[in-house]
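Trainee: Numbering (mature numbering (1 follows the signal peptide of the UniProt record, and there is no 0)), first residue to last: -21 to -1, 1 to 45.
I'd like to ask you about the structure that follows.
The following block contains the structure:
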C-alpha cells in the first residue's frame, strides 16, 4: 500500500500547479468590487473562486487481507 501511495504522490508532483501569496490575510474578509472601487473581489471566498481550478487527487487504499 505504501508503494501505491508513493506512486500517486509522485504523479501528483508532475502536475503543474502554483500557490501564490503576497501577504497573510483573513480568507473571510474580501475587499474591492463594490460600487466604483473596481471590478471583482480580492481575498475571501469570492476572490478565491476567480483564481482557482479544481484538481482532485484520489488514493485508493485497499482493504486489509484482500
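Just so you know, even glycine gets a beta-carbon here, dropped at the ideal spot from N, CA and C.
Here the structure is a predicted model, which is why all the values come from computation and not from measurement.
So residue -14 and residue 36 are in contact, right, with Cβ under 8 Å, and what is the actual spacing, rounded?
Mentor: Numbered from its first residue, the chain shown carries residue -14 at position 8. Numbered from its first residue, the chain shown carries residue 36 at position 57. That pair is a contact at about 7 Å.
Trainee: Below 8 Å on the Cβ atoms is my guess for residue -7 versus residue 43; work out the distance and round it to an integer in Å.
Mentor: By one-based count along the chain shown, residue -7 stands at place 15. By one-based count along the chain shown, residue 43 stands at place 64. Residue -7 to residue 43, Cβ: 30 Å. No contact.
Trainee: Look at the alpha carbon of residue -9 and the alpha carbon of residue -16, and state the distance between them as a whole number of angstroms.
Mentor: Taking the first residue of the chain shown as position 1, residue -9 is located at position 13. Taking the first residue of the chain shown as position 1, residue -16 is located at position 6. Distance between the alpha carbons of residue -9 and residue -16: 11 Å.
Trainee: Please list, in chain order, all residues of the same chain as residue 28 whose beta carbon is under 8 Å from its beta carbon, the five residues on each side excluded.
Mentor: The count along the chain shown starts at 1 and reaches residue 28 at position 49. Excluding sequence neighbours, residue 28 sits near nothing in its chain.
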